[in-house]
Structure formats: structure tokens, C-alpha cells
Amino acid sequence: MSIEEQVAHLLTHHLKSVKGHLDAVIAGVSGGVDSMVLVDLLDRLRSRFAFELVVCHVHHGLRGAEADRDAQVVDQWAQTRKISVHIEYVDVPANRQTGESDEMAARRLRYDALCKVADAYGRSFIMTAHHANDQAETILDRFLRGTGPSGLRGMQESRSIGRHILLRPLLTLYKTELLRYAEERGISYVEDSTNEDKRYRRNRIRRELLPYLREAYNPRMDRSLVQLGQIMADEDHYLSDIAHVHALALVRHTADGVSMSLHSLRRLPTALQRRVIKLVLEGIDENVAWQFADIEAVLALAPSERKSRMMLPHGWIASAVFDILHIGRFKSPGEPKELPWSPFLLDWSSFFSFLRFHWEVEMQVVGRPKAFAASHWKAFFERQEEEKFIFRPWMEGDRIEPLGMKGSKLVSDLFVEGKIARELRPFYPLLLCADEILWVPGLCRSRSHLVDKHTALVQQIVVRR
Numbered sequence: 034m035s036i037e038e039q040v041a042h043l044l045t046h047h048l049k050s051v052k053g054h055l056d057a058v059i060a061g062v063s064g065g066v067d068s069m070v071l072v073d074l075l076d077r078l079r080s081r082f083a084f085e086l087v088v089c090h091v092h093h094g095l096r097g098a099e100a101d102r103d104a105q106v107v108d109q110w111a112q113t114r115k116i117s118v119h120i121e122y123v124d125v126p127a128n129r130q131t132g133e134s135d136e137m138a139a140r141r142l143r144y145d146a147l148c149k150v151a152d153a154y155g156r157s158f159i160m161t162a163h164h165a166n167d168q169a170e171t172i173l174d175r176f177l178r179g180t181g182p183s184g185l186r187g188m189q190e191s192r193s194i195g196r197h198i199l200l201r202p203l204l205t206l207y208k209t210e211l212l213r214y215a216e217e218r219g220i221s222y223v224e225d226s227t228n229e230d231k232r233y234r235r236n237r238i239r240r241e242l243l244p245y246l247r248e249a250y251n252p253r254m255d256r257s258l259v260q261l262g263q264i265m266a267d268e269d270h271y272l273s274d275i276a277h278v279h280a281l282a283l284v285r286h287t288a289d290g291v292s293m294s295l296h297s298l299r300r301l302p303t304a305l306q307r308r309v310i311k312l313v314l315e316g317i318d319e320n321v322a323w324q325f326a327d328i329e330a331v332l333a334l335a336p337s338e339r340k341s342r343m344m345l346p347h348g349w350i351a352s353a354v355f356d357i358l359h360i361g362r363f364k365s366p367g368e369p370k371e372l373p374w375s376p377f378l379l380d381w382s383s384f385f386s387f388l389r390f391h392w393e394v395e396m397q398v399v400g401r402p403k404a405f406a407a408s409h410w411k412a413f414f415e416r417q418e419e420e421k422f423i424f425r426p427w428m429e430g431d432r433i434e435p436l437g438m439k440g441s442k443l444v445s446d447l448f449v450e451g452k453i454a455r456e457l458r459p460f461y462p463l464l465l466c467a468d469e470i471l472w473v474p475g476l477c478r479s480r481s482h483l484v485d486k487h488t489a490l491v492q493q494i495v496v497r498r
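In the working numbering, the protein residues as written are 34 to 498.
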């Protein structure tokens with residue numbers, strides 16, 4: 034199978050996962066050979082799959098005139114092919130967080146910039162040009178740092194990033210294959226001089242460690258590492274599924290976090306205990322890079338002993354009282370209550386998750402339906418161009434005007450009738466337009482914004498549990 038057909042096969046597979054609804058493909062293009070091969074492939078495929086191709090080049094502000102040259106090359110190439118191009122400027126030194134290297138900060142800011150561009154186009158595939166040699170380097174780097182099975186799987190071919198999907202369509206291809214393709218197609222590209230700078234850890238692995246391992250131990254070292262990643266990915270996926278089932282059975286949501294029975298947790302094999310805690314920590318705060326030490330410290334907590342309480346990163350605290358392990362936000366006495374999560378605006382077409390409820394939400398514009406499904410998990414709304422729909426958490430005193438009823442009703446009463454656990458209520462998402470509650474998913478739809486024969490734009494929202 035040719036490189037073009039391999040990428041086409043991947044696109045076909047992932048378009049099925051989004052049911053063919055895609056607003057754009059955002060290609061991260063540095064100007065190097067890998068990304069230039071990727072965008073050339075996408076340019077050749079865009080008419081077949083009918084997607085809008087957008088080039089995004091991130092200027093990190095680190096390499097002076099050379100970085101300016103790279104941005105100019107990418108911009109000119111995209112304009113020649115009549116492809117939309119965005120040059121995003123980020124200041125790595127000024128935005129480096131505590132403990133971050135330039136490499137780490139540049140990576141974080143690069144993905145932020147890609148998401149920013151994707152947000153402007155709607156639901157998108159964000160594509161990067163990572164290849165099999167990058168995968169081998171990643172796995173070896175993580176091994177040297179002391180990772181677990183999830184780290185040894187390496188980079189994933191696809192994953193969610195914000196409300197978009199990040200794809201790495203070249204991940205099974207080696208650098209030699211990309212160079213051959215570039216030569217056959219006459220693709221020009223630029224060289225990044227910092228790729229030779231051995232002050233960077235990744236460059237030392239690429240230029241020193243891997244060549245030594247190939248020469249002294251295994252000439253197919255890269256392929257062996259990639260194979261290890263494939264094996265670990267399959268096994269990690271299987272164990273994660275098992276851990277997810279146990280986490281659903283054990284974990285109970287509280288007003289400020291989660292709790293579970295220590296006795297029930299410790300009846301599991303140690304490997305599953307770690308995975309359950311890791312899932313819990315990622316669920317309460319997916320923006321924290323939780324470490325092995327954090328997981329072990331939580332597992333070491335014991336009620337009625339010295340180690341019954343500990344601080345976790347980013348203001349989380351874990352405590353063991355009687356048989357209950359609780360992980361929640363640390364609050365100083367008298368600290369005012371805040372919303373458990375920030376309200377957010379909704380695009381016309383989007384896909385996102387409410388992790389606490391294990392809900393996936395899909396929004397799209399549809400034609401006026403002939404019949405309306407009798408389901409509290411699917412709703413249709415008339416929506417004007419200028420109207421802003423938001424999801425926000427439930428607040429005390431919230432009222433809705435239910436469809437089919439006169440007057441209004443407290444949302445808290447709906448929670449009681451629907452047997453929504455008290456611990457979950459502060460996190461429950463409500464759909465609003467301006468200050469009016471339009472929908473309490475799973476419980477009640479308001480009589481506002483109804484669709485009729487005069488409706489021009491129909492907003493469909495589906496919640497899958």
C-alpha cells in the first residue's frame with residue numbers, strides 16, 4: 034500500500050467515527066521534510082474526501098532569522114497551493130511555566146495554537162507529522178525517565194484534543210520512507226539547525242543514544258521499540274478497560290471531588306489499584322500530569338494513622354477517614370464557594386464530554402425533523418444566528434418552564450424526582466440561552482425555543498451516556 038493510500042485509509046476510518054461530519058483538517062507544518070510530506074499528502078487527498086485543508090505554522094520566537102525563514106517558506110508554499118494558512122506567533126521564554134524546559138513549553142504552546150486555529154473552523158482533525166522514528170525516540174525517552182505501561186505505549190495515533198481529534202497519520206512510517214516520498218515528489222523543505230543541538234535531551238537520544246544502541250546491540254533498535262509500543266498499547270487498553278469498570282463501581286462523586294471505599298479498592302490486585310487511582314485523578318483534573326509518586330502516595334493513605342491526609346498538585350487533597358478515601362479541592366476556612374466548572378459557549382457544531390457523568394455531547398445543525406424523538410437525551414431548538422447557547426453547572430434557585438406545563442419549576446425538584454444523587458447536583462450541566470434555562474439533559478426540556486414550520490436554523494443536541 035502506498036503512503037497516500039495509508040493516509041487515505043486512516044482518514045476513512047476516522048471520518049466514520051465522526052459520522053462524516055468534519056469542518057476542516059488543520060495540518061501542523063514546520064517546514065521540515067516530515068510536515069511538508071504530510072501536507073502534500075493531504076493536499077492530494079482533499080478533493081477525494083471533500084475537506085477544507087488549513088495550514089498552521091507556529092513561530093516559537095526562539096531561532097531568530099531562521100524561524101522567520103521557515104514561516105515565510107510555509108506561507109509561500111500554502112499560497113501557491115491555494116491553501117489557507119495561519120502563522121501563529123508564541124513567546125516560549127515568556128510563557129514557560131515552573132519546571133518546564135523550552136522543549137516542553139514549546140510543545141504545549143504549539144498544541145494550544147493548533148487548537149486555537151481549529152476552534153475558528155469548527156470540528157476539526159488536527160494532524161501532525163510524527164513518524165515511527167519519533168515514536169521510537171518517545172518510548173526510549175519515557176523508559177529512561179521511569180514511565181509505566183501507559184507511557185511505554187508511546188504516542189497514540191489518535192486522541193481527543195479539546196473538542197477536536199488529533200491524528201498522527203505518519204506514525205507507522207519511517208523517516209527513510211518520508212525522504213524517499215519527498216525526493217520522488219520533488220518536495221522542498223527547510224532544515225532546523227536546532228535539531229543538531231545536543232543541549233536538548235531529545236537530540237541527544239536521536240544523535241547519540243539510538244545510534245550507539247543500533248551499532249552495539251540491535252541494528253533494528255527503532256523497530257524493536259515501535260513493536261514494544263504496539264504491544265504495550267494493546268495490553269494497556271485492555272487493562273484500562275478493566276480498571277474503568279472497577280472505577281465506575283467504586284467511585285462516588287461528591288460536592289468537591291470523589292470518594293470510594295478503601296477496603297473495596299484494596300481487594301483489587303495492586304496493578305488495578307494503581308490504574309483506578311490514575312483514572313480517578315485524571316478524571317478530576319485532566320490538566321495535571323499526574324506522576325507515579327502521586328498515585329503511590331494516595332494508595333499509601335490509611336485511616337487512623339499518620340498518613341491519613343496529603344496534599345496533591347494543583348490544590349487537590351486526598352484523605353482517608355474510617356474506610357473512605359476522599360479526593361477533593363483544598364479550601365481555606367471561609368473561602369467563598371465557586372462554580373465547580375466554568376460555563377462555556379457552544380458552537381453550532383461540536384463534540385465534547387462531561388467526564389464526571391461519562392456523557393458525550395454532540396451538537397449539529399439539522400433540517401427540521403418530521404417527528405421529534407420522545408427522549409430526554411435528544412433535543413431540538415430554534416436558534417437565531419446571534420444567539421449564544423451555553424452549558425453551565427446547576428445553581429441554587431435555578432428554575433425552568435417545562436414543556437407541557439404552566440408556570441415554572443425548581444431544577445432541584447427535578448433532581449429529587451429524577452433521583453439524581455445529591456453529590457452530583459452541583460456539577461449537573463444545564464443548557465441556557467441568555468439567562469433562560471432551555472434544557473436539563475435527561476430530565477426536562479423547556480417550552481422556549483421550540484421548532485416550528487418557520488424555523489430557519491435547527492440546533493440538535495444529543496447526549497450519549
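Where is the CB? At the ideal position from N, CA and C, for every residue including glycine.
Task: Three-state class that DSSP yields for K403 in the structure shown - done: Counted from its first residue, the sequence shown places residue 403 at position 370. Three-state DSSP puts K403 in coil, outside helix and strand.
Open item on the list: According to DSSP, I116 sits in a beta bridge with which residue or residues?
Closed with: Residue 116 sits at position 83 when you count from the first residue of the sequence shown. Partner(s): none; I116 has no beta bridge.
Open item on the list: Once DSSP output is grouped into helix, strand and coil, what is the label at L203?
Closed with: Within the sequence shown, the letter at position 170 stands for residue 203. Three-state result, L203: coil.
Task: Integer Cβ distance of M293 from L305, believed to fall under 8 Å - done: Working through the sequence shown from its first residue, we reach residue 293 at position 260. Working through the sequence shown from its first residue, we reach residue 305 at position 272. Wrong, their Cβ atoms sit about 13 Å apart, outside the cutoff.
TODO: Alpha carbon to alpha carbon, how far is L476 from P369? Give it in angstroms, no decimals.
DONE: Here residue 369 refers to the residue found at position 336 when the sequence shown is read from its first residue. Here residue 476 refers to the residue found at position 443 when the sequence shown is read from its first residue. At P369 the pLDDT is 45, less than 50, meaning the model places this residue with poor confidence and gives no usable figure here.
Open item on the list: Runs of 4 residues minimum, wholly inside the stretch 181 to 268: which ones carry the alpha helix (DSSP H) assignment?
Closed with: 182 to 185, 208 to 218, 234 to 237 and 243 to 249
- [ ] Over the uninterrupted alpha helix (DSSP H) stretch that includes Q492, give me the two end residues.
- [x] Along the sequence shown, one-based indexing puts residue 492 at 459. No alpha helix (DSSP H) contains Q492, which is instead part of the beta strand (DSSP E) from V491 to R497.
Open item on the list: My output table needs one value for S479: the three-state DSSP class, helix, strand or coil.
Closed with: For this step, residue 479 is matched to residue 446 along the sequence shown. If DSSP states are grouped into helix, strand and coil, S479 belongs with the strands.
- [ ] Could you name the residues that DSSP lists as bridge partners for V394?
- [x] Taking the first residue of the sequence shown as position 1, residue 394 is located at position 361. Per DSSP, F385 and V496.
Task: L43, buried or exposed, once every other Cβ within 10 Å from all chains shown has been counted against 16 - done: One-based indexing of the sequence shown puts residue 43 at position 10. Answer is buried; the Cβ neighbour count reaches 16.
- [ ] Name the residue from V449, V88, S50 and G184 whose alpha carbon lies nearest to the alpha carbon of S63.
- [x] Position 30 of the sequence shown, counting from 1, holds the residue named residue 63. Of the listed residues, the one whose Cα sits closest to S63 is V88.
TODO: In the DSSP assignment, find the unbroken beta strand (DSSP E) run with P462 in it and report its ends.
DONE: Taking the sequence shown and counting its residues from 1, the one referred to as residue 462 is at position 429. First-last of the beta strand (DSSP E) with P462: P462 to C466.
Task: Uninterrupted alpha helix (DSSP H) stretches inside the stretch 49 to 101 (no shorter than 4 residues) - done: 66 to 82
- [ ] Could you work out which residue in K452, W410 and G437 is closest to R498 when comparing CA atoms only?
- [x] Here residue 498 is taken as the residue at index 465 of the sequence shown, counted from 1. Considering only alpha carbons, the answer is W410.
Open item on the list: Cutting at 8 Å between CB atoms, please list the residues of its own chain near G179, excluding the five before and the five after it.
Closed with: Residue 179 sits at position 146 when you count from the first residue of the sequence shown. Result list for G179: F325, in chain order.
TODO: Please check the pair Q493 and Q397, which I expect to be a contact at CB under 8 Å, by giving their CB distance rounded to whole angstroms.
DONE: By 1-based counting over the sequence shown, the position of residue 493 is 460. By 1-based counting over the sequence shown, the position of residue 397 is 364. With 8 Å as the limit, Q493 and Q397 qualify as a contact, their Cβ atoms being about 6 Å apart.
Open item on the list: Assuming contact is defined by CB atoms lying nearer than 8 Å, are A146 and V123 in contact in what I supplied?
Closed with: Here the question's residue 146 lines up with position 113 in the sequence shown. Here the question's residue 123 lines up with position 90 in the sequence shown. For A146 and V123, yes; Cβs fall inside 8 Å.
Task: Among W427, A57, W392 and A404, nearest to Y154 - alpha-carbon criterion - done: The sequence position of residue 154 within the sequence shown is 121, counting from 1. For Y154, the nearest C-alpha among the options comes from A57.
Task: Short Cβ contact (8 Å threshold) for V394 with L211 - done: The residue given as residue 394 occupies position 361 in the sequence shown. The residue given as residue 211 occupies position 178 in the sequence shown. Cβ distance not < 8 Å, so V394 and L211 don't count as in contact.
Open item on the list: If you measure between the beta carbons of F377 and F424, is that distance less than 8 Å?
Closed with: In the sequence shown, counting from the first residue as 1, residue 377 sits at position 344. In the sequence shown, counting from the first residue as 1, residue 424 sits at position 391. Cβ atoms of F377 and F424: closer than 8 Å.
Task: Under 8 Å between C-beta atoms of S383 and R196 - done: Within the sequence shown, numbered from 1, the residue matching residue 383 stands at position 350. Within the sequence shown, numbered from 1, the residue matching residue 196 stands at position 163. Against a cut-off of 8 Å, the Cβ pair of R196 and S383 comes out as a contact.
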